[in-house]
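Here the protein sequences line up with chains A and B, keeping their order. Everything in the first sequence is counted per this note's numbering, starting at 304 for the first residue and increasing by one. Everything in the second sequence is counted per this note's numbering, starting at 11 for the first residue and increasing by one. Cβ atoms here follow ideal geometry from the backbone N, Cα and C, with glycine treated the same way. Have a look at the structure below, then the notes.
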Amino acid sequence: MKLSFSPADEQFRQEVAKWLRDNLTGEFAKLKYRGGPGDEHTFPEERKVWEQKLAAGGWTCVGWPREYGGRGCSIEQQVIFFEEYARAGAPGRVGHIGEGLTGPTLIAFGTDEQKTKYLPGIVAGTQLWCQGYSEPSAGSDLANVKTKARFDEVRGKWIINGQKVWTSLAHESDYCFVLARTDPDSAAHKGLGFFLIAMDQPGVEVRPIVQITGTSEFNEVFFDDAQCDAGDIVGAPGDGWKVAMGLLGFERGVSTLGQQMQFQNELDEVVRQARRNGAAQDPTIRQRIARAHAELKIMRYNSMRMLSGQSGSDGALHKEALIYKLFWATWHRSLGELAMDVLGPECEILAGGGYYELSRLQSMYLFVRADTIYGGTNEIQRNIIAERGLGMPKEPRGAAK
Amino acid sequence: MEFAFTQEQEMIRDTAAAFLAEVSGSEAVRRAMASEQGYESELWSRICTEMVWQAIHIPESCGGMGLGYVELVAMMEQMGRYLLCAPFLSTVCLAGNALRVAGSEAQQAHWLGQLCAGSLTATVAFNGGSSHWDAQAITATWRREGDGYVLNGDYRYVIDGHTADLLVVAARDAGSSGAQGISLFLLPATTSGVSRQWLPSMDQTRKQAAVQLDNVSLGAHALMGEAGLGWESLSKVLDLATIALAAEQVGGCQQLLDMTVAYTGARVQFNRTIASYQAVKHKAADMMLQTEVARSAVYYAACVAQEALEGGPLAGELSEAASVAKSYCSDAYFAIAGEALQLFGGVGFTWEYDVHLYFKRAKSSEHLLGNATQHRERLARALLD
Numbered sequence: 304m305k306l307s308f309s310p311a312d313e314q315f316r317q318e319v320a321k322w323l324r325d326n327l328t329g330e331f332a333k334l335k336y337r338g339g340p341g342d343e344h345t346f347p348e349e350r351k352v353w354e355q356k357l358a359a360g361g362w363t364c365v366g367w368p369r370e371y372g373g374r375g376c377s378i379e380q381q382v383i384f385f386e387e388y389a390r391a392g393a394p395g396r397v398g399h400i401g402e403g404l405t406g407p408t409l410i411a412f413g414t415d416e417q418k419t420k421y422l423p424g425i426v427a428g429t430q431l432w433c434q435g436y437s438e439p440s441a442g443s444d445l446a447n448v449k450t451k452a453r454f455d456e457v458r459g460k461w462i463i464n465g466q467k468v469w470t471s472l473a474h475e476s477d478y479c480f481v482l483a484r485t486d487p488d489s490a491a492h493k494g495l496g497f498f499l500i501a502m503d504q505p506g507v508e509v510r511p512i513v514q515i516t517g518t519s520e521f522n523e524v525f526f527d528d529a530q531c532d533a534g535d536i537v538g539a540p541g542d543g544w545k546v547a548m549g550l551l552g553f554e555r556g557v558s559t560l561g562q563q564m565q566f567q568n569e570l571d572e573v574v575r576q577a578r579r580n581g582a583a584q585d586p587t588i589r590q591r592i593a594r595a596h597a598e599l600k601i602m603r604y605n606s607m608r609m610l611s612g613q614s615g616s617d618g619a620l621h622k623e624a625l626i627y628k629l630f631w632a633t634w635h636r637s638l639g640e641l642a643m644d645v646l647g648p649e650c651e652i653l654a655g656g657g658y659y660e661l662s663r664l665q666s667m668y669l670f671v672r673a674d675t676i677y678g679g680t681n682e683i684q685r686n687i688i689a690e691r692g693l694g695m696p697k698e699p700r701g702a703a704k
Numbered sequence: 011m012e013f014a015f016t017q018e019q020e021m022i023r024d025t026a027a028a029f030l031a032e033v034s035g036s037e038a039v040r041r042a043m044a045s046e047q048g049y050e051s052e053l054w055s056r057i058c059t060e061m062v063w064q065a066i067h068i069p070e071s072c073g074g075m076g077l078g079y080v081e082l083v084a085m086m087e088q089m090g091r092y093l094l095c096a097p098f099l100s101t102v103c104l105a106g107n108a109l110r111v112a113g114s115e116a117q118q119a120h121w122l123g124q125l126c127a128g129s130l131t132a133t134v135a136f137n138g139g140s141s142h143w144d145a146q147a148i149t150a151t152w153r154r155e156g157d158g159y160v161l162n163g164d165y166r167y168v169i170d171g172h173t174a175d176l177l178v179v180a181a182r183d184a185g186s187s188g189a190q191g192i193s194l195f196l197l198p199a200t201t202s203g204v205s206r207q208w209l210p211s212m213d214q215t216r217k218q219a220a221v222q223l224d225n226v227s228l229g230a231h232a233l234m235g236e237a238g239l240g241w242e243s244l245s246k247v248l249d250l251a252t253i254a255l256a257a258e259q260v261g262g263c264q265q266l267l268d269m270t271v272a273y274t275g276a277r278v279q280f281n282r283t284i285a286s287y288q289a290v291k292h293k294a295a296d297m298m299l300q301t302e303v304a305r306s307a308v309y310y311a312a313c314v315a316q317e318a319l320e321g322g323p324l325a326g327e328l329s330e331a332a333s334v335a336k337s338y339c340s341d342a343y344f345a346i347a348g349e350a351l352q353l354f355g356g357v358g359f360t361w362e363y364d365v366h367l368y369f370k371r372a373k374s375s376e377h378l379l380g381n382a383t384q385h386r387e388r389l390a391r392a393l394l395d
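Written out as C-alpha cells, the structure reads:
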C-alpha cells in the first residue's frame, strides 16, 4: 500500500491550484461556493461564462482522451483536479452532465459523426446537456419508460412523445439524452433507444418543479412530436438499455473525492457555527460532529480503495464501491440534520425573509433529502448490495415482453 | 497512490486465513476459552515456531521478520475472523509495540529477542480500573529508592495479565496528575511483590486479569525511557494496539456477515429462504456497508501506523487514525453482532451456535482500549476545543 501521490502529481496539483487562484477572481469571485447541488439556480449565466473560461484554460473534460479534446489525465490527476476545484470553492459546473455522462457515452458507443458533432461543444463549454431518464412512472423502476420514439420515414426523423421528470438543468441545456421506447409493444428493458435531442425546438417544453427548497433545479420536460435526426440515436433501436447502463458505469469513481471536498467545506461551516454559538460544548453535539468528521475521513479512504484498482478489473463493482452511494447519501443527510441541531432555534429564521435567501446550511439541510432518493434510493441501493454484493435472492420482477 | 494490498500482503493474509481455518475452528475456540489460561500452549507454540507471527513486524535487528504494520493488520483481521484464542494482542500489539517504541537498545535486544524466539509472552498494564483508557486511568505509583524504583498500586483489565511472563507497567509519580509524572517499567511477572488474579469474563475468548504491586523493587535497568516522561510513548503504544484491535473487529464483522448470509440462505420459512425477504436483505446490506467502511478505516490506519513506527508524512495522524478506526469499528462490530443474532433467530440465542461468541467478543472489544464514545470525544477535542 502506498498512499502518497508522486512528485509529478503534486506538481500537477500546484498547477491546478494556481490556475484557480489566478482565475477565480474579479467577475467570478462571487461564484465561490455557489451553484452546487441545492444551489444550481444561482448565477446560471455567469457560470456558463465560467465554464468557457475553464475550457480556455484546458480544464474541462480533463479525464477524456486527448484525441477527443480532453486533457488525458491519469486517475490520480483527475482526483487531484476535482479535489483542488472543490477546495478552491470553484462553482458548481453547468457542463458536468455533458462532461461526465454524454461524452464518455459517445466515446464508448457513439458513431464518428456523433463524436464530431457533439464532443467539441462539450469540451468548449458552449453546449450544455441534461439527462432524460426518469418519468412519472419510471423512478426506481427505470426500465418502465413510457416515452415513445417512432421513426417517420417521410421526414427521415425520429418523433418523440412523452414526459421526463427530475431533469436537472433542463432550462439551461442545449441538448438532452433521452431513453425512449422504440418498440411500442415492448416492456421493461427491451425495445428502448437512446436519443440525442435538441432542446430548442417547438416540440419540447420545460416546466420547473418547485422543490422543498423553494427553488427549482429540477424540471419536467414534455416531448410533443419533438424531432430527432436519424443519426442521433446512440446504438441501434433496442440497444437503449445497454447504452444507459454503460453510462451509469461512468458515474463511479473519480469525482467522488471532489464531492467530498464540498462535504468538508460544509462540515467546516457546521464546526464554525458550533464554536461560535457554544453548541461545541454540548456533549451530544460533540459526539455527532466527531462522528461526521470520522465518517467523512473514512469516506475518503473508501474512495481511495475504489480508485486503487480493487474495483472494476473484472467489470464488476467491488464491495467498497457497491456501498458508496448508500454511505455518502446517508452521511450527507445526517449532516443536514446535525447542521440544524447545531444552530438550534435560530435554524428556523430566514435571514433574507424568503426561501430564495436560505443560508448555505439551511439550503443544504433541505436539499440533502434528495440524496437518499435520486440515483437509486437507499432502499434500491440495499437491494443491489444484497443481490450483487452478497449473492442473496433477487427481488421478484414482472417479465419483459 | 496504491491503496490496496500487494500480492505479497495478500499471500500473507491468505496463508493466515488457511492456517486459522484449520486450527481455530469452533471446537478449538471452545476448548481454549474453557480454560483459565485462555489458549492452548501447543497452538501458541505452533504459531511461534511454524508461522512466526509473533515476530512479524519486529525489526530484523531484534530477531524479527522486519515486515510492516499493514502485514500485521492483515493477519489481525483473520485472527478476529476466527476468534483466535492466543496471547497475540497482549504479547505483540501491546508489549511488543511498547518495547519497540520505548525500549532501549539493550532492552529490545534482550526482551524482543525472547519474544521473537517464541519463548516469552507479555502484556501492558496501566489502567487502574477506569472506564477511560487515557493517562488519568493510571493510578499505580513509582518512587526512586537508591539506584532503583519502588512500585505500588493496582491494575484491572490486563489482557492475559495472569499468564504473561513479562509485564510492561505504567505508574505515576505520587502527586502527579494527567499526562505528567508517568514512567514505564519492565517487570517480570515472577518479581517479588507482584500478585495476579484471573478475572473471569463474559467474553471467554479473551482473558483479563487484575494485577497488584506491593512495594515491588526494580533496578534502574527496568525503566523504559526517561522517568516521568512515559505518557507520550505509552499513548503511541496504545494507539498502535488500538489499530490492531480495530483490525480484529473488522475480521469479526466479516465473519458474522458471512455466517448470516449462509444461514439465511439455507433457512426456509413460508416456502422461501428467509434471505429472499427484503427485511432480511436490507439488514444484510447494512451489515456489509458497515463492514466495508470499517475495513477502509482500518487499512488507512494501518498505513498510518506503519509510518508512525518507521517514519513518513502520515506519522502525525496516528492518534486521529486510531480514534477514527476504533470508534467506527466498535459500533459496527456490536451492531452487526446484534443483527446477526436477530437474523439467526432462536438458534442465535443458543450456546451451541457460534454467534454468541462473536456477540460477546464484540462487546469486550468495544470497551477495551476506549469505547466509541471516548474515541469520538478525543476527535472532538482536537476539532472543537
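Glutamine 316/B and isoleucine 253/B have their C-alpha atoms roughly 11 angstroms apart.
Among the residues of chain A, none has a CB under 8 angstroms from the CB of serine 141/B; the nearest is roughly 15 angstroms distant.
Per DSSP, the continuous beta strand (DSSP E) segment holding glycine 465/A begins and ends at 460 to 468.
Per DSSP, the beta-bridge partners of phenylalanine 525/A are Gln466/A, Glu508/A. Near chain A, meaning a CB-to-CB distance below 7 angstroms, the residues of the stretch 322 to 354 of chain B are Pro323, Leu324, Val334, Ser337, Tyr338. Interface flag for glycine 275/B against chain A is set, since a Cβ pair is found closer than 9 angstroms. Only residues of its own chain outside the window of five on either side were considered, and among them Ile66, His67 have a CB closer than 6 angstroms to the CB of leucine 82/B, listed in chain order. With a beta-carbon spacing of about 6 angstroms, threonine 133/B and isoleucine 169/B fall inside the 8 angstroms limit used to define contacts. Per DSSP, reduced to three states, the secondary structure at lysine 451/A is strand.
Contact between the stretch 113 to 121 of chain B and the stretch 340 to 354 of chain B is absent: fewer than 3 CB-CB pairs across the two stretches fall below 8 angstroms.
By the neighbour-count definition (other C-beta atoms within 10 Å, threshold 16), glutamate 18/B is an exposed residue.
Within the same chain, and ignoring the five residues on either side of serine 309/A in sequence, the residues whose Cβ sits closer than 8 angstroms to its Cβ are Glu379. In this structure glycine 360/A is not in contact with arginine 369/A, their Cβ atoms being roughly 16 angstroms apart against a cut-off of 8 angstroms. Within chain A, no C-beta atom comes less than 8 angstroms from the C-beta of threonine 252/B; the nearest is roughly 14 angstroms away. Under the DSSP assignment, isoleucine 68/B falls outside any alpha helix (DSSP H); it carries neither an H nor an E label. Here asparagine 522/A is buried. Its C-beta has 16 or more other C-beta atoms within 10 Å.
Proline 198/B: member of the beta strand (DSSP E) spanning 192 to 198, first to last residue. For tryptophan 361/B, the number of other beta carbons within 10 angstroms of its own is below 16, and it is reported as exposed. In this structure the stretch 191 to 200 of chain B lies against the stretch 139 to 158 of chain B, because at least three pairs of beta carbons, one per stretch, are closer than 8 angstroms. The beta carbons of tryptophan 544/A and alanine 446/A sit about 7 angstroms from each other, so the pair counts as a contact at 8 angstroms. Contiguous alpha helix (DSSP H) elements confined to the stretch 384 to 434 of chain A occur at 406 to 412, 415 to 427, taking only those with 4 or more residues.
By the Cβ criterion, the stretch 291 to 302 of chain B is not in contact with the stretch 318 to 333 of chain B, since fewer than three pairs of Cβ atoms, one from each stretch, lie closer than 8 angstroms.
Taking all protein chains in view, the Cβ of tyrosine 343/B is crowded by 16 or more other Cβ atoms within 10 Å, so the residue is classified as buried. Chain B places no beta carbon closer than 9 angstroms to that of arginine 390/A, leaving this residue out of the contacts. Glutamine 259/B and glycine 90/B do touch by the CB rule: their CB atoms are close to 6 angstroms apart, below 8 angstroms. Looking at the backbone, the Cα of glycine 496/A and that of leucine 629/A are separated by about 29 angstroms. Spatial neighbours of valine 365/B in its own chain (CB-CB distance under 6 angstroms, excluding positions within 5 residues in sequence) are listed in chain order as Ala350, Leu351, Phe354, Gly358. Segment contact: the stretch 399 to 410 of chain A against the stretch 339 to 347 of chain A, fewer than three CB-CB distances shorter than 8 angstroms; contact not assigned.
Under the Cβ distance rule, isoleucine 676/A does not count among the residues neighbouring chain B, no pair being separated by less than 9 angstroms.
Ranked by Cα distance from alanine 529/A, the first of Arg589/A, Gly538/A, Ala483/A, Gly549/A is Ala483/A.
Annotation: arginine 458/A to tryptophan 634/A spans about 51 angstroms, alpha carbon to alpha carbon. Close partners of leucine 233/B in chain A (Cβ separation under 9 angstroms) are lacking, with about 36 angstroms as the shortest Cβ gap. Exclusion of the five residues before and after glycine 538/A leaves Phe412, Phe497, Lys545, Val546 as the residues of its chain whose Cβ lies within less than 7 angstroms of its Cβ. Leaving aside the five residues that flank glutamine 684/A on each side, the residues in its chain whose CB is nearer than 6 angstroms to its CB run, in chain order, Lys628, Leu629.
Sequence-distant partners of histidine 172/B (beyond 5 residues in either direction) whose C-beta falls short of 6 angstroms from its own C-beta, in its chain, are Arg206, Trp208, Ala219. Take the alpha-carbon of alanine 42/B and the one of tryptophan 367/A: they are about 58 angstroms apart.
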